[in-house]
Amino acid sequence: MGWAQRMKRALFTRGGVHPEPRKVSSIMKIFPGPNPEQVIIPLSQHIGAPCEPVVEIGDEVLVGQKIGDSAEYVSAPVHSSVSGEVTGIKKYPHPGGHDMLAIQITSDHLDRPSPDLQPVAEPLELAPGEIRVRVREGGIVGMGGAGFPTHVKLDTPADKSIEVMIVNGAECEPYLT
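Heads up: the sequence shown begins at 1 in our numbering, then just goes up one per residue.
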């Protein structure tokens, strides 16, 4: 055994989580989950400035409707995942160990979409500035640990241009399937 293998064995023990039936998900059908009775949506789901509510208690909201926004550059709007009634706007416990302002929505179980959710007829004809605005308004952020707002990454210096944009639209634990 060479020095590299001995060093590797000395520094890195075998371990980790290796679930045996990990490949079973590759043959399972995907189906929608049940609509929850209520959702609590934090107003900061990204690095940067948190959003402020743009709805009030008692407002009816639709799927995809903007419920939080910020005027700060490094921020991203937050949208509703259900249609229903806003029943709370207050600080809730956050998985990060602190309280965070969030919006509680009681679902009407109808999944009514916001009229703002319209496809772009000719996406390849959009100007770069229009793309950045749409990406920001869509609340698109990276799936890495920080949730960095994507519109910031697309904002290139005036003397540079983006020729090709590659979007990885899949987020998955690679060990599973």
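For glycine and all other residues, C-beta sits at the position ideal for the given N, C-alpha and C.
Values in this document were obtained by computation on a predicted structure and should not be read as measured data.
- With respect to LEU154, ILE166 sits apart: the two C-beta atoms are not nearer than 8 angstroms.
- Residue state for SER26 is assigned as helix, using DSSP reduced to three classes.
- Three or more Cβ pairs closer than 8 angstroms define a contact, and the segment 80 to 88 meets that threshold against the segment 30 to 47.
- Annotated three-state conformation of HIS98 is coil, per DSSP.
- Using a Cβ distance threshold of 8 angstroms, GLY48 and GLU72 count as a contacting pair.
- For ILE162, there is no enclosing beta strand (DSSP E), as DSSP marks it with neither H nor E.
- With a beta-carbon spacing of about 25 angstroms, GLN65 and ASP99 fall beyond the 8 angstroms limit used to define contacts.
- The beta carbons of VAL86 and ASP59 sit about 5 angstroms from each other, so the pair counts as a contact at 8 angstroms.
- The DSSP assignment places 128 to 137 as complete runs of the alpha helix (DSSP H) inside the segment 58 to 141, in order along the chain (cut-off: 4 residues).
- For VAL152, the enclosing alpha helix (DSSP H) covers residues 150 to 153.
- Going by beta carbons, LEU43 and CYS51 fall inside the 8 angstroms limit.
- Annotation for HIS109: ASN35 place their beta carbon closer than 7 angstroms to its own, counting only its chain and skipping 5 residues before and after.
- A distance below 8 angstroms between beta-carbons, with the five flanking residues on each side excluded, links SER107 to the following residues of its chain, in chain order: ASN35, PRO36, GLU37, GLN38, VAL39, VAL82, SER83 and GLY84.
- Between VAL141 and PRO149, the CB-CB gap stays under 8 angstroms.
- Following the DSSP letters along the chain, one finds GLN38 inside the beta strand (DSSP E) bounded by residues 38 to 42.
- Under the criterion of beta carbons closer than 8 angstroms, GLY88 and ILE67 do not qualify as touching, at roughly 12 angstroms.
- In this structure, GLU130 is the residue among LYS91, MET28 and GLU130 with its C-alpha nearest to the C-alpha of GLY138.
- Taking C-alpha positions only, LYS160 is separated from LEU124 by approximately 19 angstroms.
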